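The opening position of the sequence shown corresponds to residue 903 in the numbering used here, with each subsequent residue numbered one higher. C-beta: ideal position from N, C-alpha, C; glycine also. Everything numeric in this text was worked out from a predicted model, so none of it was measured.
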Amino acid sequence: MARSKEFDVDAVLLKAMKLFWTQGYEKTSMQDLVEHMGIHRRSIYDTFGDKHALYLMALKRYSDTVWSSIEQRAQSSLSAKTAIRSVMEAAITQSEERPKGCLMVNTAVELAMHDPELENCVNQSWSGTEELFRKLIIKGQQAGELSASLDPELLAPYLNNALIGLRVMVKTQNHTEKLQQVIATTMSILD
């Protein structure tokens, strides 16, 4: 008879995600994971597999959480411009509950060039964000809010790049006003 888990799998995965987000993959040892997750090494292997498999699960959890938040912000906005701005502002919102920056950006910089599986995760995430921006631009054009002369196919990657840049800047910038100015300048391209 199999033993039931003596821990909440989602809760310990969240702890692993935050640790990887803070320290990165390479600087996080299995011992760090054991201590931070509060479970035994054997339980990590039995539940999640090796460190790489755990990282993939943590990155998927991160992606699902962030994507849900982005979609909610976009859908709750009354206009396309407001939705785009809201997504940008989410990148600079500070919280004690989450580390600075973006785990997906960290993964792209640290690991994607050497790991096709992680590269695919990053590309899927960024393609999804580009598609969201493309749809919002089209929505804004259809509503008459945005000029029909704007090219959604060109602007969507531009806006995604700006968002990625904000996610990088937030790791080193404590100047909310400066980050807000970057958002305002980025948004001015839609005028």
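Q: Have a look at Arg944, Gly951, Met990, His942 and flag the residue whose alpha-carbon is nearest the alpha-carbon of Ser971.
A: Walking along the sequence shown from the start, residue 971 turns up at place 69. Closest in C-alpha terms to Ser971, from the list Arg944, Gly951, Met990, His942, comes Met990.
Q: Take the Cβ of Thr1087 as the centre, count every other Cβ of all protein chains shown within 10 Å, and call the residue buried at 16 or more, exposed below.
A: Taking the sequence shown and counting its residues from 1, the one referred to as residue 1087 is at position 185. Under this definition Thr1087 is an exposed residue.
Q) Which first and last residues belong to the alpha helix (DSSP H) in which Lys1002 is found? A) The sequence position of residue 1002 within the sequence shown is 100, counting from 1. Taken as a continuous stretch (DSSP letters only), Lys1002 belongs to no alpha helix (DSSP H), as it is neither H nor E.
Q | Per-residue DSSP class, three states only, for Glu908 | A | Locating residue 908 in the sequence shown gives position 6, where the first residue counts as 1. In this structure, Glu908 counts as coil in the three-state DSSP scheme.
(Q) Suppose only complete runs of 4+ residues qualify. What are the alpha helix (DSSP H) ranges in the region 950-1025, listed by chain order? (A) List check, alpha helix (DSSP H) in window: 953-978, 982-994, 1005-1012.
**Q.** Beta-carbon proximity check, Glu1047 vs Ser981, cutoff 8 angstroms
**A.** As a working note, residue 1047 is residue 145 in the sequence shown. As a working note, residue 981 is residue 79 in the sequence shown. Cβ atoms of Glu1047 and Ser981: closer than 8 angstroms.
Q) In chain order, what residues of the same chain lie with their CB nearer than 7 angstroms to the CB of Lys1037, ignoring the 5 residues before and after it? A) Numbered from 1 along the sequence shown, position 135 holds the residue referred to as residue 1037. Same-chain partners within the cutoff: there are none.
Q | Cut-off 7 angstroms between Cβ atoms - residues of its own chain near Lys1073, not counting five sequence neighbours on either side | A | In the sequence shown, residue 1073 corresponds to position 171, counting from 1. If we look at Lys1073 and ignore the five residues flanking it on each side, its Cβ neighbours are Lys1002, Gly1003.
Q.
Please tell me whether His938 and Lys917 are closer than 8 angstroms, where the distance is taken between their beta carbons.
A. Against the sequence shown, residue 938 aligns to sequence position 36. Against the sequence shown, residue 917 aligns to sequence position 15. Closer than 8 angstroms, so yes.
**Q.** Same chain, Cβ closer than 8 angstroms to Met1089, five either side skipped, listed in chain order
**A.** One-based indexing of the sequence shown puts residue 1089 at position 187. These residues qualify, in order along the chain: Lys983, Ile986, Arg987, Met990.
**Q.** Arg943 classed as buried or exposed, judged by whether at least 16 other C-beta atoms fall within 10 angstroms
**A.** Along the sequence shown, one-based indexing puts residue 943 at 41. Its Cβ having fewer than 16 others within 10 Å, Arg943 is exposed.
**Q.** Burial state of Gly951 (16 or more Cβ within 10 Å)
**A.** Taking the first residue of the sequence shown as 1, we reach residue 951 at position 49. Its Cβ having fewer than 16 others within 10 Å, Gly951 is exposed.
Q: Return the residue from the list Met932, Ile946, Lys929 that minimises the CA-CA distance to Leu915.
A: As a working mapping, residue 915 is identified with position 13 in the sequence shown. Checking every option, the nearest Cα to that of Leu915 belongs to Ile946.
Q. Given that a residue counts as buried once 16 or more other Cβ atoms are within 10 Å of its Cβ, and exposed if not, what is Thr930?
A. For the purposes of this step, residue 930 is taken as residue 28 along the sequence shown, with counting starting at 1. So Thr930 counts as buried.
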